[in-house]
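Residue numbers for the sequence shown follow my numbering, beginning at 166 and rising by one.
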Amino acid sequence: MPDIIIRFTTTYMYFVSATRLKLISYKYLIGFMSANEASVKQLRITAGFRTGKELIDKGFTFWTITLWEKDADMKSFRNSEPHRKAMQRLPEWCNEATYLHWLQEEPVLPSWDIVYERMLKEGTVSKVRHPSEYHLTKSFPPIKWTKMERKFKYKAN
Numbered sequence: 166m167p168d169i170i171i172r173f174t175t176t177y178m179y180f181v182s183a184t185r186l187k188l189i190s191y192k193y194l195i196g197f198m199s200a201n202e203a204s205v206k207q208l209r210i211t212a213g214f215r216t217g218k219e220l221i222d223k224g225f226t227f228w229t230i231t232l233w234e235k236d237a238d239m240k241s242f243r244n245s246e247p248h249r250k251a252m253q254r255l256p257e258w259c260n261e262a263t264y265l266h267w268l269q270e271e272p273v274l275p276s277w278d279i280v281y282e283r284m285l286k287e288g289t290v291s292k293v294r295h296p297s298e299y300h301l302t303k304s305f306p307p308i309k310w311t312k313m314e315r316k317f318k319y320k321a322n
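Right, here's the structure in full:
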């Protein structure tokens with residue numbers, strides 16, 4: 166009688182989170198950047214965070230993409246200080262705010278082109294007080310500048 170070999174394969178899925186935020190005015194830049202730096206400091210030490218990057222694009226448009234072990238890790242970061250406090254200011258600071266989540270097998274960050282395309286097709290708009298036409302129609306212009314990119318890695322305490 167032949168031996169029966171059963172193989173189980175499991176595919177690990179990484180959780181990807183992307184955001185696109187456009188400041189309504191330069192007068193919010195200092196507050197936004199201060200909140201961003203506090204959030205980045207927190208991000209780097211959050212359990213489950215793998216890697217990420219942010220991009221400052223034309224017209225005070227800020228893109229982020231982060232890679233997580235699982236969605237619960239990202240939600241823990243999102244719901245804790247100082248990130249939660251910064252999110253409470255977004256309706257005032259931004260006239261465009263969109264986010265997107267998906268699962269992927271590869272433990273690498275996708276390109277900005279992929280993030281942009283997915284944001285147009287699958288992104289969810291957040292509430293802002295003074296939405297732009299782009300926000301209302303989710304028809305954002307493509308990314309123009311990619312030289313203002315910063316990358317992040319997990320840093321154990």
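C-beta: ideal position from N, C-alpha, C; glycine also.
Tyr-264 sits in a strand when the DSSP states are folded into three classes. In this structure, Leu-232 sits away from Thr-211, with a CB-CB distance that is not shorter than 9 Å. Straight-line spacing of the CA atoms in Arg-243 and Ala-203 works out to 13 Å.
If you compare the alpha carbons of Glu-282, Tyr-299, His-266 with that of Phe-180, the shortest gap goes to His-266.
Shown here, Tyr-177 sits in coil according to DSSP, grouped into three states, outside any helix or strand. Around the CB of Tyr-281, 16 or more other CB atoms lie within 10 Å, so the residue is classed as buried. The secondary-structure analysis by DSSP pairs Gln-269 across a beta bridge with Tyr-179. The distance from the Cβ of Ala-183 to that of Met-284 is about 6 Å, consistent with a contact at the 8 Å cut-off.
Under the DSSP assignment, Gly-217 falls in the beta strand (DSSP E) whose first and last residues are 214–222. Each of Met-198, Glu-261, Leu-255 was checked against the Cα of Glu-298, and the nearest Cα belongs to Glu-261.
Val-293 counts as buried, since at least 16 other C-beta atoms from the protein chains shown sit within 10 angstroms of its C-beta. Cβ neighbours of Lys-218 within its own chain (closer than 7 Å, five residues either side excluded): Ile-230, Leu-274, Glu-314, Arg-315, Lys-316, Phe-317.
Using a 10 angstroms sphere on the CB of Leu-268, the tally of other CB atoms stays under 16, which defines it as exposed. In the structure shown, Leu-274 adopts coil according to DSSP, grouped into three states. Exposed is the label assigned to His-295, since fewer than 16 other Cβ atoms lie within 10 Å of its Cβ. Taking 9 Å as the cut-off, the Cβ atoms of Glu-246 and Gln-207 count as close. Relative to the Cα of Asp-236, the nearest Cα in the group Phe-214, Pro-256, Pro-272, Ser-276 belongs to Phe-214.
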